[in-house]
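Residue numbers (the numbering used here), protein chains in the order written: chain A, 1 to 262; chain B, 263 to 524; chain C, 525 to 786; chain D, 787 to 1048; chain E, 1049 to 1310. Glycine included, every Cβ here is placed at the ideal spot set by N, Cα and C. As the structure is a prediction and not an experimental result, all values here were calculated from the model. Below: one structure, written as structure tokens.
Okay, here's the thing in structure tokens:
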């Protein structure tokens, strides 16, 4: 399982803590609850303004999705589509009905059912592509939430620092308090920068990468399903779908297709 | 009712006030009428330059729109379109005339009337899509007003701070006044940053999100209307339109369509 | 007449002057001819580098265009097109020749003359769209000049401030001169920021808004002219063109079309 | 001849020198060979990394191109195309062979030769458009080199300033050296900003403007050549090509076309 | 061999070292292991979060690719395609089978084999373009990794500086330590800026340039292969493919084609 996202976040935090301690400071000097509340609270407040409530209530689900890797195995799915093509070739499109239950992916399953139902090819394409476009929009909205957090947290970090600076400048009577006061004022900028650059911006990017990968898979499925419906030769379908893969991964399909063919 | 935008703005302001007070400052130290006037006035002045007068006079309406949620219920509208498809299927396109009055959405109503009038399908599509494009332009202009405010208020915040710094530097004779003078100078930057990041930028984004949602709905309507006019099977229309929805919302339509069919 | 741009610039300048005076400074402290020359001169110098000489010599004309509103009246023009459609319908395309002289807009006039000359519809479309594209390019170039000024003036403001800072740091012998020297150094940043955010950036945006509006009108004209040439029903043409307008403006056309029809 | 680019650069440098001297500083205070080497050297080092070696060795040629104006005379070229159309109309496409030698532009010449050779119109279009696309890619690469210099020189300016600041902070023992040391440290930022905003960014933009202009001319040529090959009426070709020009320039063609026609 | 990337990086580092030493500082003052660890470690940590694990494990390969030049020789490849066209013309498509083994490029080889196998032209185009699109996606992902490093390293540089500043401000008791402490704090910003602007940003750009070049070659191959399959005249194919090249390189093909023809 690919835990890169969690690993990267842990690595980043460990490095920051190590950086603080190796400089001889106490971790406690860098923890200020009020500053954390302003940066996280302010960042979320602005983001809540920018999105419908459902985006905020669904944040946990998108967050969970951002830190876990896509578990799509492109080569397995191409293998599956080629198996289906072989079944359809040998026993006709109706024979796919039995195969439907073995398919775990909802999108592929729906496509196969549309074919089994004898839906017009143009309509199959229209429905699957609309669904893909709609998936893409939902993914983009999820990514947008993270991107907004990533831009607003540093902004509220700066707002927090301005609050601290103004407070300090209004009370310059005690020179010995200037240093510590400025240190605290800078903490919100520190938090805003850290949270944005270690969490929100990279996680938003990860959501984009995952979304692109999922869309590629879905396009492979649509291409494969339409080819099956058109009664194309499984060998040609394999050739077509393998073109979506990097050369290094293509080898892994040959055998599966071989098995499907026998 | 989805009050996320208002809630987010209130939450942000409460956090900022709490942040000021928890740092031991008086709220009064952070209120400076002149600074507020320069930031808000200057931001609006630049924005007024950038848009036709009508955009400024219509600002209140767009603002009201930005803080209230879209009340489109996609599933209800798809249900409605399927009902219309059933009526058209059973009783002919002319029978839709009676149904027109039950439709509350102007766009859908206009589309149905075009169909009832026997308008050429190509022309129906042309008219509805032109209207959609024109709606999109108006939405983008509204969002542009907010985005401009969001970029000019921090700019005038910095201009205000420069005014304060220059004034202070010209009169360094009294060292005790330096701190408070700089504090006041920083307030315009603080206001510009706060207003932009809590109000204008998020609200501009919200307008974009709402606009995208409304356009999706309109596309569903156009797709549905053209299918009705083409005499397609209501079940197929349902299949087509449901592809625009996230899987989780699709269930809610089945029953309505069932009712419509009986 | 819509004087929003001039009004906005005046409002912004008044606010800045008021901000300076309300802070107890003399306006004279904020006026430094050398700084103004560096910011405006440097900004224009860089912009002159970036564009052909003709863009600089034509700057005055584009500036004049940016501060005055578009005087297109979309509803009047749609009314005019529908009148032409009625004439063509009743008396044939050749009858439009007489109407040509009443048309004040060059683009519309040229289109009508092409139709009267019996030009092939495909060619009419080709010529009018090429002209529209060419107009769009010229508008974009004009807007580009303003955008470049808006990005280079703050840059030369910073360059001016760096010059001032270096000069000051080289001669720290007299501590009492530090404050005033820094004040003067900051003035170029102040000018660069003010000129960019009150004049060039908003005026560039205004040119973009005006250009979009003019292009919409031209598209309405092309759509209308092609429909007239195709001999479409004036009522249908009206329906098509009204779809370009916001619902609130549509009412104003009905009567004119009514008059045209009788 | 249009020497706007050189004039603008000279004007900018004169203003900066004047700004330095009018502030009472010596020009010598602003010249530091080491700083210049770091900013220019570092900026080019990073840019060399980003491009194939040939882009760096060809820099001089692109630079020369950026400071001299396009010498395309659109109206002359349109006149030329119309002359060719008249020849082709009167004497047939083969008669263009003699005219080929009078054509100074390689692209137009190649197009005419393709026509004379009886090349299939689809292929003529394909070849000329591929060549245009390839020209566009080369122009974009040249512009990219300037844009990269324009973004890396300020970056190395900041890197130079950081080097100066760190050096100064490490040796605070002699307070009297702080000012001059900071002054020198700031010089790299000054150079980076000046070179980027007076040279690289505007010259990159100029290359873009010139490229757009050249592409427009090439499109006019392609449009004209295809029309000639299709045997269209020279008067119609003129009408088509003039639509690419601003109204103010169109007049200048009429006479030439008249001459061509007689 | 084109070693511009390595040369540029070495040049940049030499200049920075020279800049440090010419200012009289010791190189040792600019080396701080902890700072380097935070900037590089933090930058990679965030980037690891943003991409699937495979992107991080494959980083070395992409890095190697970014610093070595493309070894595509466009003119040789065009010559090769024309040779193939001559073979196909003289001896039929099947005769290409023997030529396949001489082709070193996998993509071109695959295309020729598809043709030899008698694959439908539409399918050949579909497969090769899918493969090209998929290559483009992989290249963009590799470039994305570098761009992310280039944006996160300066961010972690700033985070490191904030850590240093906060630590320093908390302990202002010993004034003599302020300078050195700030110097160290600034080092992370220095590293972040240097690494981003000398390595990641230019190398990311280089990957983009290389990718564009490779895609152009692939498009030339696709165009050539489809023309061969369509049985087009080798001379015409040459004309078509040469249009992809800059005029200066075109000469080098003539001879090869001549050899192929005899």
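(message) Can you check which of these residues, C:731, C:594, C:745, is closest to residue 671 of chain C by C-alpha distance?
(response) What you label residue 671 of chain C is simply residue 147 of the third chain in a count that begins at 1. Cα-wise, what sits closest to residue 671 of chain C is C:731.
(request) Measure the alpha-carbon distance for residue 176 of chain A versus residue 976 of chain D and round it to whole angstroms. (result) Here residue 176 of chain A corresponds to residue number 176 of the first chain, with the count starting at 1. Here residue 976 of chain D corresponds to residue number 190 of the fourth chain, with the count starting at 1. The alpha-carbon atoms of residue 176 of chain A and residue 976 of chain D are separated by roughly 35 angstroms.
(request) Determine, using beta carbons only, whether residue 4 of chain A and residue 1174 of chain E come nearer to each other than 9 angstroms. (result) For the purposes of this step, residue 4 of chain A is taken as the residue at position 4 of the first chain. For the purposes of this step, residue 1174 of chain E is taken as the residue at position 126 of the fifth chain. Cβ distance not < 9 angstroms, so residue 4 of chain A and residue 1174 of chain E don't count as in contact.
(request) Would you check if the distance between the CB atom of residue 160 of chain A and the CB atom of residue 39 of chain A is smaller than 9 angstroms? (result) The residue labelled residue 160 of chain A in the question sits at position 160 within the first chain. The residue labelled residue 39 of chain A in the question sits at position 39 within the first chain. Yes, Cβ-Cβ distance for residue 160 of chain A and residue 39 of chain A is below 9 angstroms.
(request) State yes or no: is the beta carbon of residue 621 of chain C nearer than 9 angstroms to at least one beta carbon in chain D? (result) Taking the first residue of the third chain as 1, we reach residue 621 of chain C at position 97. So, not an interface residue.
(message) Using only the alpha-carbon positions, how far apart do residue 906 of chain D and residue 618 of chain C sit?
(response) Sequence index remark: in the fourth chain, residue 906 of chain D carries index 120 (1-based). Sequence index remark: in the third chain, residue 618 of chain C carries index 94 (1-based). Going by the C-alpha atoms only, they are around 38 angstroms apart.
(request) Could you check the C-alpha separation between residue 928 of chain D and residue 118 of chain A for me, to the nearest Å? (result) Within the fourth chain, residue 928 of chain D is the residue found at index 142, counting from 1. Within the first chain, residue 118 of chain A is the residue found at index 118, counting from 1. Whole-angstrom Cα-Cα distance: 55 angstroms.
(message) Rounded to whole angstroms, what is the Cα-Cα separation between residue 997 of chain D and residue 1083 of chain E?
(response) The residue given as residue 997 of chain D occupies position 211 in the fourth chain. The residue given as residue 1083 of chain E occupies position 35 in the fifth chain. Between residue 997 of chain D and residue 1083 of chain E, the C-alpha separation is close to 45 angstroms.
(request) Could you please give the first and the last residue of the uninterrupted alpha helix (DSSP H) stretch that includes residue 46 of chain A? (result) What you label residue 46 of chain A is simply residue 46 of the first chain in a count that begins at 1. Run containing residue 46 of chain A: 33-50, per the alpha helix (DSSP H) assignment.
(message) I need the DSSP call for residue 494 of chain B, collapsed to helix, strand or coil.
(response) For this step, residue 494 of chain B is matched to residue 232 along the second chain. In the structure shown, residue 494 of chain B sits in coil (DSSP, three-state: anything other than H, G, I, E or B).
(request) Hey, could you find the ends of the alpha helix (DSSP H) residue 1107 of chain E is sitting in? (result) One-based indexing of the fifth chain puts residue 1107 of chain E at position 59. Counting along the chain, the alpha helix (DSSP H) containing residue 1107 of chain E begins and ends at 1107-1115.
(message) Quick check on residue 583 of chain C - is its C-beta less than 9 angstroms from some C-beta in chain B?
(response) Taking the third chain and counting its residues from 1, one reaches residue 583 of chain C at position 59. For residue 583 of chain C, no Cβ of chain B is located within less than 9 angstroms of the residue's own Cβ.
(request) Could you confirm whether any beta carbon from chain B is found closer than 9 angstroms to the beta carbon of residue 196 of chain A? (result) Taking the first residue of the first chain as 1, we reach residue 196 of chain A at position 196. No, its Cβ sits nowhere closer than 9 angstroms to a Cβ of chain B.
(message) Between which two residues does the alpha helix (DSSP H) holding residue 1223 of chain E run?
(response) Along the fifth chain, read from residue 1 onward, the residue named residue 1223 of chain E stands at position 175. Looking at the DSSP string, residue 1223 of chain E is not in any alpha helix (DSSP H), and its letter there is neither H nor E.
(message) Under 8 angstroms, with one C-beta from each stretch per pair, do the stretch 350-365 of chain B and the stretch 458-468 of chain B reach the 3-pair mark?
(response) Too few Cβ pairs lie closer than 8 angstroms, so no.
(request) Note down, in chain order, each residue of its chain lying with its Cβ closer than 8 angstroms to the Cβ of residue 46 of chain A, except the 5 sequence neighbours on either side. (result) Residue mapping note: residue 46 of chain A aligns to position 46 of the first chain, counting from 1. Spatial neighbours of residue 46 of chain A in its own chain (CB-CB distance under 8 angstroms, excluding positions within 5 residues in sequence) are listed in chain order as 148, 152, 155, 156.
(request) Give the DSSP-derived three-state secondary structure of residue 628 of chain C in the structure shown. (result) Counted from its first residue, the third chain places residue 628 of chain C at position 104. Look at residue 628 of chain C here: in three-state DSSP terms it is coil, with no helix or strand label.
(request) To the nearest angstrom, report how far apart residue 488 of chain B and residue 386 of chain B are at their CA atoms. (result) Looking up residue 488 of chain B in the second chain gives position 226. Looking up residue 386 of chain B in the second chain gives position 124. Each residue's CA atom was taken as its position, placing residue 488 of chain B and residue 386 of chain B some 8 angstroms apart.
(message) Buried or exposed, going by whether 16 or more other CB atoms sit within 10 Å of the CB of residue 770 of chain C?
(response) Stepping through the third chain from its first residue, residue 770 of chain C is reached at position 246. With fewer than 16 Cβ atoms within 10 Å of its Cβ, residue 770 of chain C is classed as exposed.
(request) Determine whether the Cβ of residue 682 of chain C lies closer than 9 angstroms to any Cβ atom of chain D. (result) What you label residue 682 of chain C is simply residue 158 of the third chain in a count that begins at 1. Cβ-Cβ to chain D under 9 angstroms: yes for residue 682 of chain C.
(request) For residue 273 of chain B, I'd like the list of residues in its chain whose CB is within less than 6 angstroms of its CB, leaving aside the five on either flank, ordered along the chain. (result) On the second chain, residue 273 of chain B is found 11 positions in, with the first residue counted as 1. Excluding residues up to 5 positions away in sequence, nothing lies with its Cβ nearer than 6 angstroms to the Cβ of residue 273 of chain B in the same chain.
(message) I want to verify the contact list: residues of chain E whose CB lies under 7 angstroms from the CB of residue 239 of chain A, in sequence order.
(response) The residue labelled residue 239 of chain A in the question sits at position 239 within the first chain. Under the 7 angstroms cutoff, chain E gives 1175.
(message) Looking only at its chain, what residues have a beta carbon closer than 7 angstroms to the beta carbon of residue 1163 of chain E, apart from the 5 residues adjacent to it on each side?
(response) One-based indexing of the fifth chain puts residue 1163 of chain E at position 115. In its chain, beyond the 5 residues on either side, 1141, 1144, 1172, 1273, 1276, 1277 have a beta carbon closer than 7 angstroms to the beta carbon of residue 1163 of chain E.
(request) Could you tell me whether the Cβ atoms of residue 717 of chain C and residue 424 of chain B are closer together than 9 angstroms? (result) Counted from its first residue, the third chain places residue 717 of chain C at position 193. Counted from its first residue, the second chain places residue 424 of chain B at position 162. Going by C-beta atoms, residue 717 of chain C is nearer than 9 angstroms to residue 424 of chain B.
(message) Going by beta-carbon coordinates alone, are residue 828 of chain D and residue 693 of chain C separated by less than 9 angstroms?
(response) Locating residue 828 of chain D in the fourth chain gives position 42, where the first residue counts as 1. Locating residue 693 of chain C in the third chain gives position 169, where the first residue counts as 1. No; because the gap between Cβ atoms is not below 9 angstroms, this pair is not in contact.
(message) Which runs of the beta strand (DSSP E) at least 3 residues long sit entirely within the stretch 619-690 of chain C? Give them in chain order.
(response) The qualifying runs do not exist here; there are none.
(request) Determine the direct distance from the alpha carbon of residue 607 of chain C to that of residue 622 of chain C, and round the result to whole angstroms. (result) Taking the first residue of the third chain as 1, we reach residue 622 of chain C at position 98. Taking the first residue of the third chain as 1, we reach residue 607 of chain C at position 83. CA-to-CA, the gap between residue 622 of chain C and residue 607 of chain C works out to about 13 angstroms.
(message) If distances are taken between C-alpha atoms only, which option among B:427, B:485, B:269 comes closest to residue 53 of chain A?
(response) In the first chain, the residue the question calls residue 53 of chain A occupies position 53. The candidate whose alpha carbon is nearest that of residue 53 of chain A is B:269.
(message) Residues in the same chain with beta-carbon distance under 7 angstroms from residue 294 of chain B, minus the five sequence neighbours each way, listed in chain order, please.
(response) As a working mapping, residue 294 of chain B is identified with position 32 in the second chain. Beyond the five residues adjoining it in sequence on each side, residue 294 of chain B comes within less than 7 angstroms, by CB distance, of 446, 449 in the same chain, given in chain order.
(request) May I ask which residues mark the beginning and end of the alpha helix (DSSP H) holding residue 275 of chain B? (result) Counting from one through the second chain, the residue named residue 275 of chain B turns up at place 13. Counting along the chain, the unbroken alpha helix (DSSP H) around residue 275 of chain B starts and ends at 266-284.
(request) Measure from the C-beta of residue 786 of chain C to each C-beta in chain D and report whether the shortest distance is under 9 angstroms. (result) Taking the first residue of the third chain as 1, we reach residue 786 of chain C at position 262. Any reading at residue 786 of chain C needs caution, since the residue's pLDDT is 36, under 50, leaving its predicted position unreliable; the model's value is listed next. Chain D, which has no Cβ nearer than 9 angstroms to the Cβ of residue 786 of chain C, makes this no.
(message) Classify residue 64 of chain A: buried if its beta carbon has 16 or more other beta carbons within 10 angstroms, exposed otherwise.
(response) For the purposes of this step, residue 64 of chain A is taken as residue 64 along the first chain, with counting starting at 1. Classification of residue 64 of chain A: exposed, given that the 10 Å Cβ count is below 16.
(message) Please report the straight-line C-alpha distance between residue 292 of chain B and residue 800 of chain D, rounded to a whole angstrom.
(response) Mapped onto the second chain, residue 292 of chain B falls at position 30. Mapped onto the fourth chain, residue 800 of chain D falls at position 14. The straight-line gap separating the alpha-carbon atoms of residue 292 of chain B and residue 800 of chain D is approximately 45 angstroms.
(request) Count the other CB atoms, across all protein chains shown, that sit within 10 Å of the CB of residue 205 of chain A; report buried if there are 16 or more and exposed otherwise. (result) The residue labelled residue 205 of chain A in the question sits at position 205 within the first chain. Result: buried.
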